[in-house]
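In what follows, a structure is listed as structure tokens, so that the remarks can point back to it.
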Amino acid sequence: MGLFILRRLGVMLLTALCLTFIVFFLTNLGPNLEKLAKTQGNNRMSDAEVVQWLENRGYTRPLVVRYGEWLGVAPGWTRVAADGTETGRCVDRGMTIETAPTFCGVLQGDLGFSTVSDNEVSAIVGGRLALTGWLMLIAFSVMVPAALIIGILAGMKEGSRTDRTLSTISIASTATPEYVSGVIFIILLASSTAGLSPWLAENGWIEGRTLFLGSSRSAMEDITFWNFTLPVLTIALYGMGYIARMTRASMAEVMTAQYIRTARLKGVSFRNIVLKHALRNALIAPFTVIMLQIPWLLTGVVIVETLFNYNGFGWTLVQAASNNDIELLLSISIVAVIVVLTTQLISDIGYVYLNPRIRIS
Amino acid sequence: MTQSTQDQLQTHPAAEMYAREYKDGHLDRREFLVRATALGVSAAAAYSMIGMSPANAAGHRQTPPMGGTLRIQQEVRVGKDPRTYDWSQMGNLGRGITEYLVEYNRDGSFSGILLESWEANEDATQYTLNVRQGIMFNNGDEFTAEDVAANIRGWCDATVEGNSMSTRMGILVDADTQQAIEGAIEVVDSHTVRLNLPSPDITIIPGIADYPAAIQHRDYIGQDPLEHGVGTGAYRLAAHEVGVQAVLEKNPDHEYWGEAYLDRIEFVDLGQDPAAWMAGAESGELDMTYETTGDFVDLFTSIGFEVSEVTTAATVVIRPNQNNPPYDNRMVRQALLKAVDNQVLLDLGMAGRGEMARDYHVSPIHPEWADVPAIEVDKDAAYALLEEAGEADHVFEVISIDDGYRRDTTDAYASQLRDAGFNVERTVIPGSTFWNDWTNYPLSSTNWNHRELGVMILNLAYRTGVPWNEAAFSNEEFDSLLDQANGIQDADERREVMRRLEEIMQEEGVATIPYWRSLYRHYRPGVINAEMHPKFEINPHYLGIEA
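Each protein sequence line maps, in turn, to chains U and Y. My numbering puts the first sequence at residues 4 to 364. My numbering puts the second sequence at residues -2 to 544.
Right, here's the structure in full:
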């Protein structure tokens, strides 16, 4: 087991290395650097000024060397300007080249500097991740129980009316992407001119203009039922249908197994069959699916956070990408790799516990 | 805000001439005020010269109650050296900390903030700036003429990357050293600065009222006020997260020279999409917008926000870049102008919110505007011109930013070209990348903000070789006439030169300039002194909110 986890960690490192290099390469293509110079310097700079700007900030040196600097295996660049001011990769404000460290990369625990936010990457990513963590946690705690219940109810009696109804609902929900359901929710529940809210307000049943809030900005400080329902629902709905379908399939299969028939012949009640005999076996497949939904949710939050103005991890990714914020994007990639591979690791280990027939070798 | 005006000029020979022009109907009130106050006449005196009292005039501010928090929807960008500000939003946030010498008012007049008053000599070659007494920086230093001189020297430093003040100071900059001309900036005494101009320039005062002209402490020139925090303003930065929010709070350690009302001002960044601002307004997350555009003007009004409108010389310029064939051919450019009906662009792009323009970048609210008629729209003649030029097969790629009125106007432009028989391809580029290459697109639209005088915009955008010359327009006659216009103080005389400049722009087919925009802003009932400003300015010191 220890060896297995170690091997997985090795894979994780290697993947992170490859991915960050690809991101580094793409963000350092000529036009992207020009974009960076113009968003950071002045968006109406001339070409000569752009070259000067990039040169002054060490962007014109070879790609591999700069990637090495970011990793922390190559010494950071330094430059002394004509007027004597010293700048460099590792030279923070108020430091000189003498006092600054030679190496400052990921290996030294320095994630770098976010150009768009004018701040240390580590200071940004942490807070944003926490915000997304809340969103995902609540979305998960809504999505998973709902999906399992729907799946189990549908799978108990394959082909019954309950099964057909619930299956239709889950197919519809999983076929509706977040950017469609989110907009529909806003129109129905969070607009003062359309949907339910004007009618509710007219009857005096709600205090504000709208039932729910179409902007979740206030949830960054204080999560309430009113400002957080729509983003949570939007994310949960999409994943819910998928997990429910998986659970149903798994449940339906278990219900046709020999031991269930034996139990029925012995006169065990249907309720006991479902709860005591079928459930545990039926949950093995959905468990993997649920764990794999976590990285999938990461892409969902990109859309939902932008739509609802919730400044978390997904929103930061959009901002970083559209402003070509190189070091912020690299850190986001690392986080994404860690999330994806960790959830896979957990799902593999969890599988062993749920299904004794499987062994990790 | 207490503004002493007694030391300002009560009259000026040129201003009296303008007053006569106003009475003869050659000038409207706004034009008169721009010109009279730019010469150093106080706003109150200017009003009285034309027989009005400022109390009844537009732009008079109320006195709000003390205290309160106001949330403004506005992009929150990184802080930087004010000289290199390229967004008025940066100026708005910084304005709470670093103030300006002079301020441009909604009604087109100028009034002093850090300057008590200013005077120009008769031919506008010498300006005397009288610095307001008794102003302290929040680090305890006194604000003096030395600070003013140091800032102006900094503005003139053309070696600084992206310093847009050096273009505004144009005439004071030595072309060889890229610094201020020796002896041009003279400190007369502790509170007087004199500017000696090598040739007349009437744009100095509008130039120093613009958003990159924030006044820094003399030791902090070239640094970011959001970082060092030193300034004369009443506020300090309490939080600043780019793209998310910025918070100004009243600085308790600083005795402000004037009055400031609000305790706290939050700039809330809800992104570029007006639908998101609308959602924010409905969710009660903002009290005031920076600007409301297009259909959202009516939508915001419908949810009970108050609207404030101002007419400007702001516009969208759809220009071919003459470095890209076939746009180096004048016939092709003229065909483009002839094929497009500006009224349609105004109706479809702006829902009629504005006034039709005539393909030259001088607006009727500019003092020197000459009434040159519009180019006649004739789609057949346009196509004939195109055929004559041998470019009938050319595919015209029309580029715009992916945002509101700019996209809609450009769409209308493209479809009109199609109607005239042109081959058109339409490209929309997202706002985050559009500006990377905006001066070089072969045929694209750009929004231009309001400028106070007609010559200012021509100097900035159409003179040969200037950085913002996105049309790559180069015309010797135009340049020399523009030089001439820059030195003519009398608007009627300048108008004669301007007439020819406007004609050249039409003849050369420089750009389609379809309309002059009206600008709108919305705020919740009870928000005070938040009216829309032609240059999008928000001065945190004036704002207030009813309890």
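Every residue, glycine too, gets a C-beta built ideally from N, C-alpha and C.
Item, Value
"Mind checking Pro79/Y: buried by the 16 CB within 10 Å criterion, or exposed?", "buried"
"Taking the Cβ atom as the reference point for each residue, do Ala276/Y and Ile287/U lie within a distance shorter than 8 Å?", "no"
"Mind pulling the chain Y residues with CB within less than 9 Å of Glu52/U?", "Glu158, Gly159, Pro464"
"Just to confirm before moving on: does the CB-CB distance between Gly230/Y and Gly93/Y stay below 8 Å?", "yes"
"State the Cα-Cα distance for the pair Thr204/Y and Leu343/Y, rounded to the nearest angstrom.", "Checking the sequence shown, residue 204/Y turns out to be Gly, not Thr. Cα to Cα, the separation comes out at about 29 Å."
"Counting only beta-carbon separations shorter than 8 Å, does Glu528/Y have a partner in chain U?", "no"
"Could you tell me the alpha carbon to alpha carbon distance between Leu236/U and Val359/Y, rounded to whole angstroms?", "52 Å"
"Our contact map puts Thr509/Y next to Val337/Y with C-beta atoms below 8 Å; I'd like the distance itself, whole angstroms only.", "5 Å"
"Would you please verify whether the beta carbon of Asn433/Y is less than 8 Å from any beta carbon of chain U?", "yes"
"In angstroms, rounded to a whole number, what distance separates the CA positions of Ile246/U and Asp166/U?", "15 Å"
"Are any of the Cβ atoms in chain U nearer than 8 Å to that of Val239/Y?", "yes"
"Going by DSSP in three states, Val374/Y sits in which element: helix, strand or coil?", "coil"
"Can you confirm whether Thr99/U, when its beta carbon is compared against all beta carbons of chain Y, has any partner nearer than 8 Å?", "no"
"May I ask you to list, following chain order, the residues of the stretch 106 to 137 of chain U that have a beta carbon less than 7 Å from some beta carbon of chain Y?", "Val119, Ser120, Asp121"
"Which chain Y residues are close to Thr213/U, counting only those with a beta carbon under 8 Å from its beta carbon?", "Glu279, Ser280"
"Tell me whether Trp254/Y sits in a helix, a strand or coil according to DSSP, three-state version.", "coil"
"On the criterion of 16 or more Cβ atoms from any shown chain inside 10 Å, does Arg491/Y qualify as buried, or is it exposed?", "buried"
"With a 10 Å radius around its C-beta and 16 neighbouring C-beta atoms as the bar for buried, classify Cys107/U as buried or exposed.", "buried"
"Go to Thr125/Y, then tell me how far its alpha helix (DSSP H) extends in each direction, as first and last residue.", "Run containing Thr125/Y: none in the alpha helix (DSSP H); it sits in the beta strand (DSSP E), 123 to 128."
"Report yes if the C-beta distance between Gly217/U and Trp299/U is below 8 Å; otherwise report no.", "no"
"Which one of Leu90/Y, Met133/Y, Tyr217/Y, Glu422/Y has the shortest CA to CA distance from Arg150/Y?", "Tyr217/Y"
"Which whole-angstrom value describes the C-beta separation of Ile535/Y and Ile69/Y, a residue pair presumed to lie in contact below a C-beta threshold of 8 Å?", "7 Å"
"Could you tell me which of Asn230/U, Val94/U, Trp202/U sits nearest to Glu308/U, measuring between CA atoms?", "Asn230/U"
"Can you tell me which of Asn358/U, Tyr356/U, Asp351/U, Ser336/U puts its alpha carbon nearest to the alpha carbon of Leu16/U?", "Ser336/U"
"For my contact list, Arg82/U and Gly75/U are in at a C-beta cut-off of 8 Å; report their separation, rounded to the angstrom.", "So it is not a contact: roughly 19 Å between Cβ atoms."
"Pro427/Y to Asn35/U, Cα distance in whole Å?", "14 Å"
"For Phe475/Y, which option in Ala468/Y, Ala488/Y, Arg460/Y has the closest C-alpha, if you only look at C-alpha atoms?", "Arg460/Y"
"Please classify Ile182/Y: is it buried, with 16 or more other beta-carbons within 10 angstroms of its beta-carbon, or exposed?", "buried"
"Using a Cβ-Cβ cut-off of 8 Å, state whether Arg11/U counts as contacting chain Y.", "no"
"Going straight from the alpha carbon of Ala178/U to that of Thr81/Y, what length do you get?", "49 Å"
"Quick one: is Asp266/Y buried, meaning 16 or more other Cβ sit within 10 Å of its Cβ, or exposed?", "buried"
"Can you tell me which of Val94/U, Gly115/U, Leu114/U, Gly112/U puts its alpha carbon nearest to the alpha carbon of Thr105/U?", "Val94/U"
"Please determine, among Met133/Y, Ile454/Y, Arg26/Y, Gly159/Y, the residue with the shortest C-alpha to C-alpha distance to Asp50/U.", "Gly159/Y"
"For Val329/Y versus Leu383/Y, is the C-beta spacing smaller than 8 Å?", "yes"
"With Ser194/U and Thr213/U assumed to form a contact (beta carbons below 8 Å), what rounded beta-carbon distance in angstroms separates them?", "6 Å"
"Please report the residue range of the beta strand (DSSP E) in which Pro317/Y lies.", "312 to 317"
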